[in-house]
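Chains as they are written, first to last, in this note's numbering: chain A, 44 to 181; chain B, 44 to 181.
Following: one structure in structure tokens, then a few remarks.
There are 2 protein chains.
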Amino acid sequence: MHAIREAMAAMHRRSEEIPPVSKAVESLVRQVIAQVADKWTMLVLEALEEHGTLRFTECGRIVGGISQKMLTKTLREMERDGLVVRTVHPVIPPHVDYTLTELGRELSAAFCGVWTWAETYHAEVSAARRAFREREEG
Amino acid sequence: MHAIREAMAAMHRRSEEIPPVSKAVESLVRQVIAQVADKWTMLVLEALEEHGTLRFTECGRIVGGISQKMLTKTLREMERDGLVVRTVHPVIPPHVDYTLTELGRELSAAFCGVWTWAETYHAEVSAARRAFREREEG
DNA sequence: TTCGATACGCACCAAAAGGAGAGTGTTGCA
DNA sequence: TGCAACACTCTCCTTTTGGTGCGTATCGAA
């Protein structure tokens, strides 16, 4: 799992010089993570995974609590990163739909663990928060 | 995996009325996800998972590129949510260290899939971005 | 003739995220 | 006397995130 960091650490041990190519890959992985580890991205990903192909408004309704602006932005970024395909049907009124790519489905599967964690442990998190607040106050 | 949503959908089908208790759980899961699906949280989680117990400055160095302010904030929130334990050794100069709890280790394991995805597919994401840009421009 | 349907774009604004740099408190060492 | 060490905190500032509401295109239906 942490092959890149380990390789970098080994190189670091050998020469104190981290070659720029590894740094580039590191930063790319980080950038991808930062992009993708986003609330709306996760929610849209899950909506598409569950419902297959969705239209714009439909997607927004299923995700819930997202503004049109953020939905547009999130979907555009996901399209740019190759997670969804956007298909425009040139009819009136306009009809656009979104489907996960294989890459998107893979990411969705990867996030599955985090969803499971949240569903399993949300009570523990709540308890921890209460305990923390009491420690702070009392 | 999507037990809550499915249960809610079923209830919705039956009565058009979603009971407040399920809504509360839903929103809690969402809140936990939103909190935890954060760039710095993921990075700190990984640093602690790999290195075990870490001190403040050490943790910041390993994560890399994080300001003291954000490191403090992230660690406090993780402590509040029961992901890390903060131990203060009352010596001079001060010595504070951070360790993952069981809950934190579980979350780290859950995120493992996302790290693997990023390491596996970052080249595909880059390619998709290039293609997207070319489509936009050309 | 005007309204509704769809998938946005745009402008304006508030709030939060995040960075840089200075300050703090105590002790041991030079 | 004065600096270094650590783990912060505080202030000031810029950037990003996110919300609201209005505009737009076109056609069919009322």
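Ideal Cβ placement from N, Cα and C applies to all residues, glycine included.
Reference residue i; option with closest CA among the options
| i | options | result |
| --- | --- | --- |
| A/MET113 | A/GLU101, A/VAL127, A/THR84 | A/THR84 |
| A/ARG148 | A/VAL139, A/ILE135, A/GLU89 | A/GLU89 |
| B/GLU145 | A/HIS138, A/GLU120, A/ALA171 | A/ALA171 |
| B/ARG178 | A/THR163, A/GLY125, A/VAL157 | A/GLY125 |
| B/VAL157 | A/LEU150, A/ALA77, A/TRP158, A/PRO133 | A/LEU150 |
| B/PRO137 | B/LEU91, B/THR100, B/GLN78 | B/THR100 |
Proximal residues of chain B, C-beta to C-beta of residue i below 9 Å
| i | result |
| --- | --- |
| A/ARG172 | ARG123, ASP124, GLY125 |
| A/TYR164 | VAL75, GLY125, LEU146, GLU149, LEU150 |
Local conformation of residue i per DSSP, three classes
| i | result |
| --- | --- |
| B/VAL128 | strand |
| B/THR144 | coil |
| B/VAL182 | As displayed, chain B neither begins before 44 nor continues past 181, which places residue 182 of chain B out of reach and without an answer. |
| A/VAL87 | helix |
| A/ARG178 | helix |
| A/VAL139 | strand |
| A/PRO62 | Only weak support exists for where A/PRO62 lies, its pLDDT of 46 falling under 50; the value from the coordinates is given anyway. A/PRO62: coil per DSSP, three-state reduction. |
Residue i, buried or exposed, once every other Cβ within 10 Å from all chains shown has been counted against 16
| i | result |
| --- | --- |
| B/ALA152 | exposed |
| A/THR117 | buried |
| B/ALA166 | exposed |
| A/GLU180 | exposed |
| B/GLU120 | buried |
| B/ILE109 | buried |
| A/VAL107 | Note that residue 107 of chain A is Gly in the sequence shown, not Val. That one is exposed. |
| B/ILE135 | exposed |
| B/VAL87 | buried |
| B/ALA52 | Summary for B/ALA52: the model assigns pLDDT 42, below 50, so the residue's position carries little reliability; its value from the coordinates is reported in the next sentence. B/ALA52 comes out exposed. |
| A/GLY103 | buried |
| B/VAL131 | exposed |
Per-residue contacts from residue i into chain B (C-beta, under 8 Å)
| i | result |
| --- | --- |
| A/MET113 | Neighbours of A/MET113 on chain B: none; closest Cβ ~13 Å, over 8 Å. |
Inter-residue CB distance, residue i and residue j (contact presumed, cutoff 8 Å)
| i | j | result |
| --- | --- | --- |
| B/SER70 | A/LEU71 | That belief does not hold up - the Cβ atoms of B/SER70 and A/LEU71 are roughly 34 Å apart, past 8 Å. |
| A/THR115 | A/VAL128 | Their Cβ separation, rounded to whole angstroms, is 16 Å, which puts A/THR115 and A/VAL128 out of contact at 8 Å. |
| A/ALA80 | B/LYS82 | 6 Å |
| B/ARG98 | B/VAL139 | 6 Å |
| B/PHE175 | A/GLU122 | 7 Å |
| A/ILE105 | A/HIS94 | 6 Å |
Neighbouring residues, chain A, relative to residue i (Cβ below 8 Å)
| i | result |
| --- | --- |
| B/ALA153 | GLY156, VAL157, THR159, TRP160 |
Residues that residue i contacts on chain A, provided the C-beta gap is smaller than 7 Å
| i | result |
| --- | --- |
| B/GLU101 | Ordered by position in chain A, no residue passes the 7 Å Cβ test against B/GLU101, which lies about 14 Å from the chain. |
| B/SER169 | LEU71 |
| B/ASP212 | The first residue shown for chain B is 44 and the last is 181, placing residue 212 of chain B beyond what the model contains. |
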